[in-house]
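2 protein chains.
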Amino acid sequence: MRLLLVEDDARIASDVAAVLTAAGYSVETASDGKEAWFLGDTEDYDLVILDLGLPGMDGMTVLKRWRANDRHMPVLVLTARGSWAERVEGIDAGADDYLPKPFQFEELLARVRALIRRSVGHGAATIAIGPVTIDTRAMRVSVNGVPQALTPLEYRLVSYLGHHRDRIVPPTELQEHLYGDDYSRDANALEALVARLRKKLGAFAIGTRRGFGYYMGEHAP
Amino acid sequence: MRLLLVEDDARIASDVAAVLTAAGYSVETASDGKEAWFLGDTEDYDLVILDLGLPGMDGMTVLKRWRANDRHMPVLVLTARGSWAERVEGIDAGADDYLPKPFQFEELLARVRALIRRSVGHGAATIAIGPVTIDTRAMRVSVNGVPQALTPLEYRLVSYLGHHRDRIVPPTELQEHLYGDDYSRDANALEALVARLRKKLGAFAIGTRRGFGYYMGEHAP
DNA sequence: CAGGGCCTGTCAGCGATTTGTCAGCCGCGA
DNA sequence: TCGCGGCTGACAAATCGCTGACAGGCCCTG
């Protein structure tokens, strides 16, 4: 899962980013409004965490512009405690949830999870594909009911493929979501990752369509 | 996704085309205004990248003529840095976005992605020609509803012919599209490819006009 | 601070699939 | 019927993806 964190206070930003990364998300950050707008408009994020007090361009304006351009990713807005005016305006602008500052990391994580789950359309917290079960809340994957010890990167890969089940995902897309903007890696890194995953989940958990990409679930040739 | 790149500097054009191709787009190029106008007026592109300084016919004029003829594909205009007059004029002429030169390839790609995403929904995702259906989004081809296992090259060929349905496409054009500017291959490679494809899609899916080229769909002899 | 273990990227070799090439055949159009 | 362009099946080359081994980096622990 790929997240954009928009926060101008560098210290807060790095703390929050650390927590989110530890929770298994791929986090990119923007520190001012223009950067945030550009990234949100051009990249595909699964969720945006948006602080309203920004230099350059107001957070609310950024959000409105995204929505005007049909960018519908879920947005979690960070507001000052009790500022009802902001919340009302935010609803109109298209925010999906609010978190008053200051907040507990625990609560932030819970809301992030909830928003992502909701946006995927899977109301349930688990995804089942054949013998493989992905518990998005516990970040745990089981095969035939037996929990598997996955590394963070492995988990992100199954999770992404699981959320996009029955669809062929091109390697470029996977790299973008796993590594963010960092394209330095050898293409083989992804292949090695898939191989390790198949060893844990069973060879048939993840399919390959030569020249096109990977997939989980059903898929006609 | 099919792109038209209009750029008179051959070196820049080939560099940019290479980057776009690597990003998975199907790129065609025009090097002067008249050619650009003709292609944009007669072919269906998902996006046009238009340099303004062109020999033959000014880029701005080309754009205006397209719009006057109800050609509404998104157009990304390349302007000289800071030339505000051009930008204002471009807005009136119907440009969708601007990129000041010189630019980073990264930024170009980001904007191309953004424009295409924005315009999605304006065009159908599937092309149906007789019993053959091309789902351009899933990169999947079906015959009578039965999905076929196509190789990447085979897919690119049907996809191209499908986008140019009812028109006879000369072999040279196909080779250019499939192999880029690399003409090292035997002309027979294309014939072999067509043969393999006909075996999968049915002999009548692709027609031959002796001495002219291949086509899908109806064609006026 | 050193040592060890885990995670992940890189490398090299292998096997399968895809694609190009060749040679001969077919059939359209004159 | 003839000749040429296009077709086809077989084979060879190139490419792609997989795998096991290895190494660097990071974190934890003593």
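Protein chains in written order, with this note's numbering: chain C, 1 to 221; chain R, 1001 to 1221. For each residue, glycine too, the CB sits at the ideal point set by N, CA and C. Every value quoted in this text rests on a predicted model; they were computed, and no experiment measured them.
Residues in its own chain within less than 7 Å of Met57 (chain C) by CB, not counting five upstream and five downstream? Gly33, Lys34, Trp37
Note down, in chain order, each residue of its chain lying with its Cβ closer than 6 Å to the Cβ of Ser26 (chain C), except the 5 sequence neighbours on either side. Arg2, Gly180
DSSP on Gln104 (chain C), reduced to helix/strand/coil? coil
Which of helix, strand or coil DSSP assigns to Glu28 (chain C): strand
On the three-state DSSP scale, how would you describe Leu1005 (chain R)? strand
Is there a Cβ of chain R sitting closer than 8 Å to that of Gly123 (chain C), yes or no? Below a pLDDT of 50, predicted positions are generally treated as unreliable, and Gly123 (chain C), at 49, falls in that range; no measurement from the model is reported.
Please state whether the Cβ-Cβ distance between Ala54 (chain C) and Ala93 (chain C) is less than 8 Å. It is worth fixing the name first, because residue 54 (chain C) is Leu in this sequence and not Ala. The answer is no: Cβ separation not under 8 Å.
Please go through the same chain and pick out, in chain order, the residues whose beta-carbon is closer than 7 Å to the beta-carbon of Asp1045 (chain R), but skip the five residues on each side of it. Checking the displayed sequence, the identity of residue 1045 (chain R) turns out to be Tyr instead of Asp. Contacts found: Arg1002, Leu1003, Leu1004, Met1073.
Look at the alpha carbon of Gly24 (chain C) and the alpha carbon of Ile134 (chain C), and state the distance between them as a whole number of angstroms. 14 Å
State the DSSP-derived secondary structure class of Ile1168 (chain R), mapped to helix, strand or coil. coil
Pull up the distance between the alpha-carbon of Asp15 (chain C) and that of Ala22 (chain C), whole angstroms please. 11 Å
I want to see whether chain R comes within less than 8 Å of Tyr214 (chain C), judged by CB atoms only; does it? no
Express the C-alpha separation of Ala68 (chain C) and Gly1059 (chain R) in angstroms, rounding to a whole number. 28 Å
In terms of DSSP beta bridges, what is Val1075 (chain R) paired with? R:Val1048
Using Cβ-Cβ distances below 9 Å, what residues of the stretch 157-179 of chain C are close to chain R? Arg167, Ile168, Pro170, Thr172
Rounded to a whole number of angstroms, what is the C-alpha to C-alpha distance between Arg1167 (chain R) and His177 (chain C)? 39 Å
Partners in chain C for Ala1114 (chain R), counting only beta-carbon separations shorter than 7 Å: Asp41, Thr42
Span of the alpha helix (DSSP H) around Asp1070 (chain R): Taken as a continuous stretch (DSSP letters only), Asp1070 (chain R) belongs to no alpha helix (DSSP H), as it is neither H nor E.
Could you tell me the distance, in whole angstroms, from the CA atom of Ile1206 (chain R) to the CA atom of Pro131 (chain C)? 42 Å
Quick check on DSSP: helix, strand or coil for Asp97 (chain C)? strand
Phe1212 (chain R) versus R:Arg1156, R:Glu1173, R:Val1143, residue with shortest Cα-Cα distance: R:Glu1173
Please tell me whether Gly33 (chain C) has its Cβ less than 8 Å away from any Cβ of chain R. no
Please state whether DSSP places Arg209 (chain C) in a helix, a strand or coil. strand
CB contact below 8 Å: Pro1152 (chain R) versus chain C: yes
Are the beta-carbon atoms belonging to Glu106 (chain C) and Leu99 (chain C) less than 8 Å from one another? no
Using alpha carbons as the reference points, say which of C:Ala187, C:Val158, C:Pro171 lies closest to Phe204 (chain C). C:Val158
With a threshold of 8 Å between beta-carbons, can Ala1138 (chain R) be considered close to chain C, or not? yes
With a cut-off of 8 Å on the beta carbons, I'd call Leu150 (chain C) and Met216 (chain C) a contact; round off their distance for me. That belief does not hold up - the Cβ atoms of Leu150 (chain C) and Met216 (chain C) are roughly 14 Å apart, past 8 Å.
Does any C-beta atom of chain C lie closer than 8 Å to the C-beta of Ala1110 (chain R)? yes
So if I threshold CB-CB distances at 8 Å, which residues from the stretch 1005-1036 of chain R count as touching chain C? Ala1023, Gly1024
Is there at least one Cβ from chain R nearer than 8 Å to Gly217 (chain C)'s Cβ? no
Using a Cβ-Cβ cutoff of less than 8 Å, which residues in the same chain neighbour Phe1103 (chain R) once the five nearest sequence positions on both sides are dropped? Leu1078
Secondary structure of Arg137 (chain C), DSSP reduced to three states: coil
Min CB distance Gly211 (chain C) to chain R below 8 Å: yes
Would a C-beta distance cut-off of 8 Å place Arg111 (chain C) and Asp97 (chain C) closer than the cut-off? yes
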